[in-house]
Every structure is written in C-alpha cells, then in structure tokens.
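A.B. asks: Okay, here's the structure, questions in a sec.
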Amino acid sequence: MITERSKSIILLTGYLPGSDKKLKPLSTIEWNKLALWLHKKNLSPEDLTGINQERILAKWDDYKISKERISNLLGRGATLAICLDKWQRAGIWVINRSDVEYPPRFKKALNQKSPPIFYGIGKKKLLSTEAVGVVGSRNISDEELSYAHNLGKRISNEGYSVVSGGAKGIDENSMIGALENDGTCIGILADRLLQRSTSKIYRKYIMDEKLVLISPYHPEARFNVGNAMSRNKFIYLKSKVTFVVHSGLKGGTWTGAVENIKNKWVPLYVKNNNNIDSGNSALLKKGANELATSINEISFRFK
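Each residue of the sequence shown is one higher than the last, beginning at 1 in our numbering.
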C-alpha cells in the first residue's frame, strides 16, 4: 500500500509516463523549500491534495516556484492512479524520507539532498542489512567477470549483502554470485526498475525474498547518463565498504569512486591490474586501498 503522503510527493516531484512533458516536477531543492514551508505551518504534503489545496496555496509566496506549477503538478492525480495501478500490480512499492524503511545513512550523509522518494520491489527489510558494495565497468575481461562472481559469493559467505548498481558486467555478476550462493542483494538502479523486476535474471530471487531493487527514479525511467552518475553515491552510502573491480579513467565507476574518496563516505578497495587504459592504478594513487587479487586473501577487517 502506497501512503497518501508518498502519493502527494510523487505528484510534486516525480516524472509520470503519460503526463505533460512540459510540466517540470519539483527538484529536490525546490521540494525541500515547499516541505519546510508546510512543516512550519503544521501541514503535511498530503494536505495539498485535499479540499483545502487552494486555500493553502494562496499563502505560498515563492515567486521562483509558482502556485500554478504546484497546482498543475497536483492535478496529475488521474495519471498517477493509472501508473500506480500498473506499478503495484508488478509489486512495486514506494518509500519517502519519513518512512522507517528509508535508509538512514542517505539522510545523514546527504541531508536535504537525499531523494524525497525511492521506488522499490522485493523485501524491504533487506535495506536494513549490512552490505558490501561491488562496482565496476561493463566492458571487462572474462577474468574480471569471474572475479566479480566469486567476490559476490565470498561476500555472502561473510554474512553481508552485496549492494551494487545492477548494470551488466561487474555489478550483475557480483550480485548473481551472491544470490546463487543463497546470499542477499540490494540493487540500486538508475533506470528501468519495472523491466528489471520482471527479468528472468532477478524475478526468482525477488520472489524468494533474497533481492531488493530500489531506484530514486520512476519505475519506467530510461537510461540517462546523469541519473547513472547520481545513483552511484547511494551504493557507497549503503555499504560498509566498497570494492572496485575495474574502473575506466572516466565514466560512472570512476566518478563514483572519486566522489567517495573526496567525501570519505566508506573505505574503498580497488583491484590492481596492468591495464594502462583502466583507472584502477589512478584510484590507488588517490588513496584507495588495494584489493587482494586472490578472493580468499581478502580481509573483511576493514580499515
């Protein structure tokens, strides 16, 4: 069941398939302004969808976010109902920042920059498990694919969930390695949550309550480079430590690793290699720890 509060927040901040593309949802910063204003007036987001909407908005005076825009966003109720029916039939749920299931580390580290909404499918309780992150590029060698698979298996043997981005390559192989070993996984996706949730790769593990997939983007969102880059920080923030198997000198894996080093969110371990086109050595020079080449030699006593 999706709460009335979550519905209101989706109307104000979410992109809805089938709605007016010219109508821009509130950004996280804009949403925070409105949410703070409502809080100061002892109001909740769901109050804006009630019969007093016009009276409440009459007092809104931020010229950068027009009353008309807010009203038009809230007027997408019929479109939202159609989307929710489709999403809920697929098993998708929604959590907002006030829900207990919302990962507290996101709010602690990002404060008001944390997404107002996460969409998800699978067992919510897995979001509270301790996890180890595994990330890496799509275009990698068979040896690195095997390494990622065995790394996921080793992480599950140590009693941790694997948290990754669900992309083909390192992400997917590490997750499958854990799941095939009866472990658990948290996939933080940048796109196509609805499609991924019904895929042959993941559906069985979702049904077996071994896998949860979440995304701050609407369940039918297509791939977007900006979204993929922005998603990476949640993998780090949900992990106790993150392992980089292979990184380029640019792209999502590189950007996410550098962002983590800069913000000192969690310890970072990078597998060394002799590939001059990879960014692994550069990340080690930036202060990352070296990840053992042999899976069995990896210590889980993290710095």
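Beta carbons are placed, not taken as given, at the ideal position from N, Cα and C, and that holds for glycine.
Excluding the five sequence neighbours on either side, which residues of its own chain have a C-beta within less than 6 Å of the C-beta of Y269, listed in chain order?
C.D. replies: Reading the sequence shown from its first residue, position 269 is the one you call residue 269. F243, N289 and L291.
A.B. asks: Is it right to say E54 is buried, meaning 16 or more other beta carbons lie within 10 angstroms of its own, or is it exposed?
C.D. replies: As a first step, residue 54 must be located in the sequence shown, where it is residue number 54. With a threshold of 16 other beta carbon atoms within 10 Å, E54 falls short and is exposed.
A.B. asks: For V258, I'd like the list of residues in its chain whose CB is within less than 8 Å of its CB, leaving aside the five on either flank, ordered along the chain.
C.D. replies: By one-based count along the sequence shown, residue 258 stands at place 258. For V258, where only same-chain residues beyond five positions count, the Cβ hits under 8 Å are L283 and K286.
A.B. asks: Take H332 and list the residues in its own chain whose beta-carbon comes closer than 6 Å to its own, dropping the five residues that flank it on each side.
C.D. replies: It is not possible to answer for residue 332, since the shown part of the chain is limited to 1 through 303.
A.B. asks: At the level of alpha carbons, what is the spacing between W60 and K67?
C.D. replies: Counting from 1 along the sequence shown, the entry for residue 60 is found at position 60. Counting from 1 along the sequence shown, the entry for residue 67 is found at position 67. Going from the Cα of W60 to the Cα of K67 covers about 7 Å.
A.B. asks: Does DSSP classify F302 as helix, strand or coil?
C.D. replies: Within the sequence shown, the letter at position 302 stands for residue 302. When secondary structure is reduced to three states using DSSP, F302 falls in the coil class, being assigned neither helix nor strand.
A.B. asks: Please state if the CB of S156 and the CB of G122 are separated by a distance shorter than 9 Å.
C.D. replies: To locate residue 122, count along the sequence shown from 1; it is residue 122. To locate residue 156, count along the sequence shown from 1; it is residue 156. Cβ atoms of G122 and S156: not closer than 9 Å.
A.B. asks: Can you give me the C-alpha to C-alpha distance between S239 and Y160, rounded to a whole angstrom?
C.D. replies: For the purposes of this step, residue 239 is identified with residue 239 of the sequence shown, where counting begins at 1. For the purposes of this step, residue 160 is identified with residue 160 of the sequence shown, where counting begins at 1. The alpha-carbon atoms of S239 and Y160 are separated by roughly 10 Å.
A.B. asks: Among H246, Y205, R196 and V241, which one has its Cα closest to the Cα of F223?
C.D. replies: Translated into positions along the sequence shown, residue 223 becomes position 223. Measuring from the Cα of F223, the nearest candidate turns out to be R196.
A.B. asks: Are L237 and I214 touching if we call contact CB-CB under 9 Å?
C.D. replies: Position 237 of the sequence shown, counted from the start, is the residue given in the question as residue 237. Position 214 of the sequence shown, counted from the start, is the residue given in the question as residue 214. Against a cut-off of 9 Å, the Cβ pair of I214 and L237 comes out as no contact.
A.B. asks: Excluding the 5 residues flanking N32 on each side, which residues of the same chain have their C-beta closer than 6 Å to its C-beta?
C.D. replies: Indexing the sequence shown from 1 puts residue 32 at position 32. For N32, where only same-chain residues beyond five positions count, the Cβ hits under 6 Å are Q112.
A.B. asks: How would you call R89, buried or exposed, if buried means at least 16 neighbouring beta carbons within 10 angstroms?
C.D. replies: Here residue 89 refers to the residue found at position 89 when the sequence shown is read from its first residue. Per the 10 Å Cβ criterion, exposed.
A.B. asks: Please return the same chain residues whose Cβ sits closer than 7 Å to the Cβ of S278, not counting the five positions on each side in sequence.
C.D. replies: Position 278 of the sequence shown, counted from the first residue, corresponds to residue 278. Cβ within range, chain order: H246, S247 and G248.
A.B. asks: Whether or not the stretch 201-216 and the stretch 114-121 are in contact is what I'm after, with contact meaning three or more pairs of Cβ atoms, one per stretch, closer than 8 Å; do they touch?
C.D. replies: yes
A.B. asks: My assumption, with CB atoms under 8 Å, is that L38 sits in contact with S44. Please give the rounded CB distance.
C.D. replies: The residue you call residue 38 lines up with position 38 of the sequence shown. The residue you call residue 44 lines up with position 44 of the sequence shown. With 8 Å as the limit, L38 and S44 qualify as a contact, their Cβ atoms being about 7 Å apart.
A.B. asks: Mapping DSSP to helix, strand and coil, what is N96?
C.D. replies: Against the sequence shown, residue 96 aligns to sequence position 96. If DSSP states are grouped into helix, strand and coil, N96 belongs with the strands.
A.B. asks: Could you say if the stretch 70-80 and the stretch 91-107 meet the contact criterion of at least three C-beta pairs nearer than 8 Å?
C.D. replies: no
A.B. asks: Between which two residues does the alpha helix (DSSP H) holding V266 run?
C.D. replies: Within the sequence shown, numbered from 1, the residue matching residue 266 stands at position 266. Taken as a continuous stretch (DSSP letters only), V266 belongs to no alpha helix (DSSP H), as it is neither H nor E.
A.B. asks: Using DSSP with H/G/I as helix, E/B as strand and the rest coil, what is G18?
C.D. replies: Position 18 of the sequence shown, counted from the first residue, corresponds to residue 18. It is coil, neither helix nor strand.
A.B. asks: Report the three-state DSSP secondary structure of N52 (helix, strand or coil).
C.D. replies: What you label residue 52 is simply residue 52 of the sequence shown in a count that begins at 1. In the structure shown, N52 sits in coil (DSSP, three-state: anything other than H, G, I, E or B).
A.B. asks: How is E46 classed by DSSP in three states: helix, strand or coil?
C.D. replies: Locating residue 46 in the sequence shown gives position 46, where the first residue counts as 1. The answer is helix: DSSP assigns E46 an H, G or I state.
A.B. asks: Relative to the C-alpha of S8, which candidate in I29, L80, I65 and D171 has its C-alpha closest?
C.D. replies: Numbered from 1 along the sequence shown, position 8 holds the residue referred to as residue 8. Ranked by Cα distance from S8, the first of I29, L80, I65 and D171 is L80.
A.B. asks: Using CA coordinates, which residue listed in E297, T293 and N263 is at the minimum distance from K108?
C.D. replies: The residue labelled residue 108 in the question sits at position 108 within the sequence shown. It is N263.
A.B. asks: According to the Cβ coordinates, are L110 and K233 closer than 9 Å?
C.D. replies: What you label residue 110 is simply residue 110 of the sequence shown in a count that begins at 1. What you label residue 233 is simply residue 233 of the sequence shown in a count that begins at 1. In contact: L110 and K233 (Cβ atoms closer than 9 Å).
A.B. asks: Measuring alpha carbon to alpha carbon, tell me which residue in K124, I65 and G77 is nearest V94.
C.D. replies: Along the sequence shown, read from residue 1 onward, the residue named residue 94 stands at position 94. Taking each of K124, I65 and G77 in turn and checking the Cα distance to V94, the smallest one comes out for K124.
A.B. asks: Quick check: what's the CA-CA separation for A167 versus D20?
C.D. replies: Taking the sequence shown and counting its residues from 1, one reaches residue 167 at position 167. Taking the sequence shown and counting its residues from 1, one reaches residue 20 at position 20. Spanning the two alpha carbons is a distance of roughly 30 Å.
A.B. asks: So is V134 buried or exposed if we call it buried at 16+ other beta carbons inside 10 Å?
C.D. replies: By 1-based counting over the sequence shown, the position of residue 134 is 134. Only buried fits V134, as 16 or more other CB atoms lie within 10 angstroms of its CB.
A.B. asks: May I ask which residues mark the beginning and end of the beta strand (DSSP E) holding N289?
C.D. replies: As a working note, residue 289 is residue 289 in the sequence shown. For N289, the enclosing beta strand (DSSP E) covers residues N289 to L291.
A.B. asks: Please state whether DSSP places K67 in a helix, a strand or coil.
C.D. replies: The residue labelled residue 67 in the question sits at position 67 within the sequence shown. In the structure shown, K67 sits in a helix (DSSP, three-state: H, G or I).
A.B. asks: Under the rule that 16 or more other beta-carbon atoms within 10 Å means buried, what is S128, buried or exposed?
C.D. replies: Working through the sequence shown from its first residue, we reach residue 128 at position 128. Flag for S128 reads exposed.
A.B. asks: Which residue spans inside the stretch 209-246 form an unbroken beta strand (DSSP E) run of at least 3?
C.D. replies: Whole beta strand (DSSP E) segments, 3+ residues: 211-215 and 242-246.
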